[in-house]
Amino acid sequence: AGLRKLPHGSRVRVAGVVITRQRPPTAKGVAFATLEDETGFADLVMHAEVYERVREVFSTHALVAVSAILQRDRETISYLVSGVTGMLFSPATPR
Numbered sequence: 020a021g022l023r024k025l026p027h028g029s030r031v032r033v034a035g036v037v038i039t040r041q042r043p044p045t046a047k048g049v050a051f052a053t054l055e056d057e058t059g060f061a062d063l064v065m066h067a068e069v070y071e072r073v074r075e076v077f078s079t080h081a082l083v084a085v086s087a088i089l090q091r092d093r094e095t096i097s098y099l100v101s102g103v104t105g106m107l108f109s110p111a112t113p114r
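Using my numbering, the letters of the sequence shown correspond one by one to residues 20 to 114.
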């Protein structure tokens, strides 16, 4: 939620559950995704060379952390991804 206050061009790290992945043929290799966490949604943009580098991790992990640059266009915010780290989690165990 605090990321919305940062200026355009800020380097950030965000994490969440990947809820959508898209690589439309008309986007010249650019991939798009949406992460969700307890505060809301984060729209991700990955240039083709970044997507190719992180494709395996990005496509096999439901929970990821991304390094990115915040892009602001008026009220719309997206994140230009430079790296992706897969995160593992264990389901809660009953006590």
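Glycine is no exception: its CB is placed at the ideal position from the N, C-alpha and C atoms.
The straight-line gap separating the alpha-carbon atoms of Glu-94 and Ser-86 is approximately 21 Å. Restricted to the region 74-103, the beta strand (DSSP E) segments that are unbroken, complete and at least 3 residues in length are 82-92, listed in chain order. Leu-25 is classed as exposed because its beta carbon has fewer than 16 other beta carbons within 10 Å across all chains shown. A buried status is given to Gly-35, since no fewer than 16 other beta-carbon atoms sit within 10 Å of its beta-carbon. Annotated three-state conformation of Leu-107 is coil, per DSSP.
Apart from the 5 residues on each side of it in sequence, Tyr-98 sits with its Cβ closer than 8 Å to the Cβ of Val-31, Val-33, Ala-61, Asp-62, Leu-63, Val-64, Val-85, Ala-87, Ile-88, Leu-89 and Gln-90 in its chain, given in chain order. Residue Val-103 holds the alpha-carbon nearest to the alpha-carbon of Glu-75 among Val-103, Gly-21 and Ile-38.
When DSSP states are grouped into helix, strand and coil, Gly-48 belongs to the coil group.
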